[in-house]
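K.L.:
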Amino acid sequence: MKTAQDKEYATIRSGVSCTTDKRIDDLSKIADEVTRLTSEIAGEGAN
3 MKTAQDKEYA TIRSGVSCTT DKRIDDLSKI ADEVTRLTSE IAGEGAN
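Take the sequence shown: its letters are residues 3 to 49, numbered as in the numbering used here.
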C-alpha cells in the first residue's frame with residue numbers, strides 16, 4: 003500500500019506473466035486482484 007497526495011493505492015506486479023504493473027486506486031478491488039494472481043501463480047491445488 004502506498005499513499006500519494008492523500009490517496010491510497012496498491013501497485014501489483016504479476017509473477018507469471020511479463021513484468022506489468024497494475025495500479026489499483028479502488029482499495030476494495032485489491033483483495034480480488036491478489037486472489038486472482040495467487041491462483042494464477044500457485045494454481046488451484048488440491049486444498
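From the three backbone atoms N, C-alpha and C, an ideal C-beta is built for every residue, glycine too.
Would you identify the three-state DSSP class for residue 42, choosing helix, strand or coil?
P.N.:
Stepping through the sequence shown from its first residue, residue 42 is reached at position 40. Residue 42: helix per DSSP, three-state reduction.
K.L.:
Determine, using beta carbons only, whether residue 39 and residue 12 come nearer to each other than 9 Å.
P.N.:
The residue given as residue 39 occupies position 37 in the sequence shown. The residue given as residue 12 occupies position 10 in the sequence shown. No, these two residues do not count as a Cβ contact at 9 Å.
K.L.:
For residue 41 and residue 8, I'd like the C-alpha separation in whole angstroms.
P.N.:
Counted from its first residue, the sequence shown places residue 41 at position 39. Counted from its first residue, the sequence shown places residue 8 at position 6. When rounded, the distance between both Cα atoms is 31 Å.
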